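With my numbering applied, the sequence shown covers 8 to 365. What follows is a short report on a single structure.
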Amino acid sequence: MNKVRVAIIGTGGIAGKHAEVLQQEVNDADVVAAVDVREDAVKAFSERFKIPAYYTSAETMLAQEKPDIVHICTPPNLHAELSIKALESGSWVLCEKPLAASLKELDQIADAEKRTGRYCSSVYQWRFGNGAQHLKELIDTNAMGKPMIGICQTTWYRDDAYYAVPWRGTWKTELGGCSMGHGIHLMDLFLWLYGPWQEVTAKISTLDHDIEVEDVSMALINFENGAIGNMINSVVSPRQETYLRMDFQESTVELKGLYSYKNDQWAYSSYDGSNHAEDLKAWSALDSENRGIFGNQVRHHIDCFKRGERPLTSGFGARMTLEFIASMYKSAMTGQSVKRGSIVEGDPFYEAMNGQTS
Ligand SMILES: NC(=O)c1ccc[n+]([C@@H]2O[C@H](COP(=O)([O-])OP(=O)(O)OC[C@H]3O[C@@H](n4cnc5c(N)ncnc54)[C@H](O)[C@@H]3O)[C@@H](O)[C@H]2O)c1
């Protein structure tokens, strides 16, 4: 059977992970081309991964190669524009996070999906570990009872050298701070597992970096099912940790990691004296892992492409988390709680994450 033809646009830091996964963790894809505006970078990248063609223009690559799928790994401010171009020239898209600069851009991507009949997904790899998929199934079948309270904590550290990269630290090019660029992974997992979210009240602050965007954010969340959650995102935390805790009526589920996780990082517990010992064994039993979480998302995307089905992190699956972040920013900047669905055309926070349209 013919392999799926994939092209990578943007050949900086994260692109190597995409190439490695496509070449080593899935066996039915060929990376046929790479693109970067920096010729030296794309040439070196193509040599390293033995990619047969390289380009310095995405438009030329799309016209000449007609790839089945495009992976977009450029700085964030280019994601929506390149995603729409790729959809319109015949490709499906798996785009790095954050997928868009605003809810307006997300709607433009949705329109392009409708026009072309193709799908554009956001990289949200944390949903794709076996442990997350297993827990989602348990939640959806009500195995552990109602979700009650959740804690979603991304406490990371980024130094001045990190923010010396020109596209980082500004609203225009990074599109937001630690909420949009760092906490987005765990927030997406939490909101997908516990959601849909209903209302958010947030604070943001820039405590210790010379940047425009926030380096700390905190939020209180109400979920439609009655659960409440508490969220913290930071890039000023010297001992780094990514921690998720969800208390259900019958069980507490925790995940501790940093930039990725494996099955053994999930923990299930019940209260002392509970009669759920047998259930706990079943709840904690996970399928063996043969790929990392990133590889699982790429596998899912290729499978959806082959079947012509909408991938999990496209459409509403991409919007839910970005709408949450837009609402966090609106709440922090206006001092009011924000309900899901309330930021619509005409609202400055529909046009831009920081509500500034000029
Ligand atoms: N999913 C994850 O865990 C994860 C981890 C790191 C970064 N990211 C995301 O990946 C994206 C890229 O981050 P990075 O650290 O690799 O950045 P980077 O700066 O290392 O690489 C970006 C590359 O894109 C190239 N580029 C710029 N404009 C281009 C254009 N018009 N056409 C083609 N190439 C262009 C740049 O020359 C550069 O080589 C960001 O959105 C970031 O948030 C995701």
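All C-beta atoms in this analysis are idealised placements derived from N, C-alpha and C, irrespective of residue type, glycine included. Given the structure is predicted, the values throughout are model-derived calculations rather than measurements.
Check whether residue i and residue j have beta carbons under 8 angstroms apart
i, j, result
"ALA339", "MET360", "no"
"SER344", "GLU206", "yes"
"ILE156", "ILE235", "yes"
"VAL42", "ILE16", "yes"
"VAL243", "TYR169", "no"
"TRP174", "VAL220", "no"
"SER6", "LEU69", "Because residue 6 is not part of the residues shown, which for the chain are 8 to 365, the question remains open."
"PRO83", "THR180", "yes"
"ILE309", "ASP114", "no"
"SER321", "TYR126", "yes"
"ILE239", "MET225", "yes"
"LEU193", "THR259", "no"
"PHE135", "GLN304", "yes"
"VAL28", "GLY302", "yes"
"GLU103", "CYS80", "yes"
"LYS92", "ALA65", "yes"
"PRO154", "PHE230", "yes"
"GLU257", "GLY152", "yes"
"ALA40", "GLU72", "yes"
"GLU316", "ASN137", "no"
"SER241", "ASP217", "no"
"ASN237", "LEU227", "yes"
"LEU200", "LEU142", "yes"
"THR18", "ALA48", "yes"
"PHE56", "GLN30", "yes"
"TRP204", "PHE331", "yes"
"ARG306", "ARG314", "no"
Coarse secondary structure for residue i, derived from DSSP in three states
i, result
"CYS102", "strand"
"GLU248", "strand"
"TRP199", "helix"
"PRO59", "coil"
"GLU120", "helix"
"LEU113", "helix"
"SER90", "helix"
"VAL207", "strand"
"PRO355", "helix"
"MET68", "helix"
"SER291", "helix"
"PRO154", "strand"
"VAL220", "coil"
"VAL49", "helix"
"VAL33", "coil"
"LYS346", "strand"
"PRO266", "Before going further, note that residue 266 is Tyr rather than Pro in the sequence given. Looking at TYR266 - three-state DSSP - the assignment turns out to be coil, as it is neither helix nor strand."
"ILE309", "helix"
"VAL28", "helix"
"ALA108", "coil"
"ARG298", "coil"
"ASP279", "coil"
"SER360", "Note on identity: in this sequence residue 360 is Met, with Ser being the wrong assignment. Coil at MET360, not helix or strand."
"PRO369", "In the structure as shown, the chain begins at 8 and stops at 365. Residue 369 is therefore absent and cannot be evaluated."
"ILE332", "helix"
"LYS179", "coil"
"GLY97", "coil"
"ASP286", "helix"
"ASP215", "coil"
"ASN232", "coil"
Residues bridged to residue i (per DSSP)
i, result
"ALA14", "ALA40 and VAL77"
"GLU261", "ARG252 and ALA274"
"ALA226", "ALA209 and MET238"
"VAL243", "TYR164"
"SER129", "CYS102"
"SER321", "SER128"
"SER159", "Contrary to the premise, residue 159 reads as Cys rather than Ser in this sequence. Partner(s): MET238 and LEU251."
Supposed close pair residue i, residue j - CB separation, criterion 8 angstroms
i, j, result
"HIS78", "LEU101", "5 angstroms"
"VAL38", "VAL13", "5 angstroms"
"ALA209", "MET335", "4 angstroms"
"VAL44", "THR63", "6 angstroms"
"GLN272", "LEU287", "Contact doesn't hold; Cβ gap of about 17 angstroms is too wide."
"GLY362", "LYS346", "Actually they are not in contact, since the Cβ atoms of GLY362 and LYS346 sit about 16 angstroms apart, beyond 8 angstroms."
"THR123", "LEU85", "Rounded, the Cβ-Cβ distance is 19 angstroms, inconsistent with contact."
"LYS111", "TYR357", "6 angstroms"
"ALA325", "SER128", "7 angstroms"
"GLN247", "THR341", "Not confirmed; about 31 angstroms, so no contact."
"ASP195", "TRP133", "6 angstroms"
Residue i beta carbon near ligand 3 (any heavy atom closer than 7 angstroms)
i, result
"LEU85", "Absence of ligand 3 is noted for the structure shown, with ligand 1 being the only ligands found."
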